[in-house]
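This report concerns only the one structure given below.
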Amino acid sequence: MIPQANPGAGYRALKAEIDDAVSRALASGWYILGTEIRAFEAEFAAWLGVSNAIGCGNGTDAIALALRGLGVGPGCTVVTVSHTAVATVAAIEMTGATPLLIDIDPVFYTMDPAALQAVLQDPPAGLPPIKAVVPVHLYGQPADLDRIVPLCRAHGVALIEDCAQAHGARLHGQRVGTFGDAATFSFYPTKNLGALGDGGAVATNNPALAEKIGALRQYGWHKHYISDEVGVNSRLDEIQAAILRAKLPHLDAQNARRRDIAAAFTEVLTGHPLAAPRQRQDVDHVFHLYVTRSARRDRFQAALREAGVGTGIHYPVPVHLQPAYAGRVALGPSGCPETEAAAKEILSLPIYPELSDADVAAIRAALTLLRND
Ligand SMILES: *Cc1c(COP(=O)(O)O)cnc(C)c1O
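Offset between the sequence shown (1-based) and this note's numbering: plus 9.
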């Protein structure tokens with residue numbers, strides 16, 4: 010079976026470099042907030058093209074820390090999409106703010122700017138004021154920032170890009186994570202840049218915000234043992250930072266490999282009942298996931314499983330319909346019909362840089378056999 014994701018293959022592909030990095034971190038005798046994380050933060054910020062990156066415990070904490078750093082908390086509403094990892098919404102609730110979930114556009118699966126405009130112009134009654142917007146660059150594709158950035162500026166609300174699935178993606182040649190007030194990354198093992206454990210980061214071009222988030226991630230300490238504000242413990246450890254330093258120099262080439270695999274799949278899916286994903290104009294998509302679509306999704310999933318091809322569904326239940334969140338989170342005036350329709354039809358094929366040419370050929374052959382299904 011070709012698995013839909015394979016973080017172990019990602020380790021084996023760079024085993025010597027990763028093992029060296031882990032040994033170096035272990036031998037250093039310093040395991041939390043030391044030289045490895047400082048070096049990783051500088052290298053990641055330089056690679057992304059921002060002044061500051063702040064490592065933290067995971068991508069969920071990164072969103073919560075960025076929001077808190079920007080002054081978002083109880084008495085604030087934060088707009089995001091329902092078609093995302095539940096983490097995006099969990100992070101908003103961690104700050105005490107109220108999530109307001111809006112719909113996606115049905116072609117690219119990212120935040121619908123018209124729905125954003127509607128709630129910014131005419132906020133739903135009974136909610137605290139909207140203070141921030143969190144678009145998600147889902148599946149590795151930039152959200153429609155051409156329309157979202159001006160809307161946030163015009164309404165004076167903060168913009169935090171959730172880049173957990175889009176390390177290295179570009180819009181008009183500019184990397185995502187450099188458009189908003191802050192951007193957040195996850196280094197969960199299956200992400201395009203994955204640690205071998207949990208990890209996350211906030212990126213920003215605002216040094217004062219970086220300083221604040223750096224304090225919030227460690228008990229609100231600006232100086233050791235003195236909490237100037239109430240913080241949390243969300244640190245990226247030295248071993249994970251060392252692993253990320255070993256992997257970062259390979260990321261752009263790995264994203265290029267993902268794009269080549271995606272192109273090979275798209276070629277066989279032209280005119281196929283399982284529809285290929287579509288790309289916005291002038292983007293570099295990084296294909297964290299390769300998400301196809303069909304009204305007969307479940308049949309294709311079963312047939313691919315029989316052919317030895319693992320698949321996934323990202324995500325099967327929109328956040329606003331999940332047991333913990335149904336009736337709890339606020340929705341925009343038109344609800345989330347495109348989100349609900351997509352959840353029933355999407356299917357993620359295997360995609361990661363370590364897929365061999367033989368694996369790609371086998372997946373293409375399995376898809377070709379289903380062409381007349
Ligand atoms: C993975 C992910 C997160 C959360 O990251 P963790 O490191 O698992 O906390 C947040 N948002 C999106 C869109 C994600 O895919």
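Even glycine gets a Cβ: it sits at the ideal position worked out from N, Cα and C.
From a predicted model like this one, the values you see are computed outputs, not experimental measurements.
Rounded to a whole number of angstroms, what is the C-alpha to C-alpha distance between residue i and residue j?
i       : j       : result
Ala-271 : Leu-298 : 9 Å
Asp-246 : Ala-255 : 15 Å
Ala-54  : Leu-110 : 30 Å
Thr-44  : Met-10  : 41 Å
His-164 : Gly-336 : 27 Å
Ala-204 : Asn-67  : 10 Å
Lys-24  : Tyr-324 : 31 Å
Ala-212 : Ala-219 : 8 Å
Val-295 : Ala-173 : 12 Å
Ala-333 : Val-98  : 11 Å
Leu-378 : Asn-214 : 50 Å
Glu-315 : Asp-382 : 14 Å
Arg-156 : Arg-33  : 45 Å
Thr-86  : Ile-139 : 4 Å
Trp-230 : Ala-48  : 20 Å
Pro-12  : Glu-26  : 24 Å
Ala-371 : Thr-275 : 14 Å
Ala-284 : Glu-238 : 50 Å
Ile-101 : Asp-171 : 12 Å
Near residue i, which residues of its chain fall below 8 Å by C-beta distance, leaving aside the five closest residues on each side in sequence?
i       : result
Trp-56  : Leu-257, Leu-260
Ile-169 : Ile-72, Ala-75, Leu-76, Leu-79, Ala-141, Val-142, Val-143, Gly-189, Asp-190, Ala-191, Ala-192, Thr-193
Pro-342 : Ala-127, Val-128, Asp-131, Pro-133
Asn-201 : Gly-149, Gln-174, Ala-175, His-176, Gly-177, Leu-260, Gln-263, Asn-264, Arg-267, Val-295, His-297
Glu-52  : Arg-254, Leu-257
Ala-350 : Pro-115
Is the beta carbon of residue i less than 8 Å from the beta carbon of residue j?
i       : j       : result
Gly-208 : Leu-225 : no
Val-59  : Gln-331 : no
Ala-36  : Ile-252 : no
Ile-41  : Glu-50  : no
Ala-210 : Cys-345 : no
Ser-236 : Asp-70  : no
Val-277 : Arg-373 : yes
Val-369 : Ala-273 : yes
Ala-14  : Glu-363 : no
Apart from the five residues on each side of it in sequence, which residues of its chain come closer than 6 Å, Cβ to Cβ, to residue i?
i       : result
Asp-114 : Asp-121
Met-103 : Ala-73
Thr-348 : Ser-91, His-92, Asp-112, Ile-113, Pro-327
Arg-380 : His-281
His-181 : Asp-291
Gly-84  : Pro-137
Lys-221 : Gly-78
Assuming residue i and residue j make a contact with CB atoms under 8 Å, what is their CB distance in whole Å?
i       : j       : result
Pro-151 : Val-292 : 5 Å
His-146 : Val-185 : 5 Å
Leu-358 : His-281 : No, Leu-358 and His-281 are not in contact; Cβ-Cβ is about 12 Å, not under 8 Å.
Pro-16  : Thr-279 : The pair is not a contact, with the Cβ atoms about 31 Å apart (cut-off 8 Å).
Val-81  : Ala-106 : 5 Å
Leu-160 : Leu-125 : 6 Å
Pro-108 : Val-338 : 5 Å
Asn-264 : Gly-177 : 5 Å
Ala-18  : Tyr-361 : 7 Å
Ala-262 : Ile-46  : With a Cβ gap of about 24 Å, Ala-262 and Ile-46 do not count as contacting.
Keeping to the same chain, check which residues put their C-beta closer than 7 Å to that of residue i; ignore five residues upstream and five downstream.
i       : result
Leu-313 : Thr-320, Ala-375
Trp-39  : Glu-247
Val-158 : Leu-168, Phe-188
Leu-340 : Leu-110, His-329
Ile-322 : Ile-355, Leu-356, Ser-357
Gln-310 : Thr-320, Leu-356
Three or more C-beta pairs closer than 8 Å, one from the stretch 75-90 and one from the stretch 117-128: is that the case here?
yes
Are there three or more Cβ pairs, one per stretch, closer than 8 Å when the stretch 346-365 is compared with the stretch 302-312?
yes
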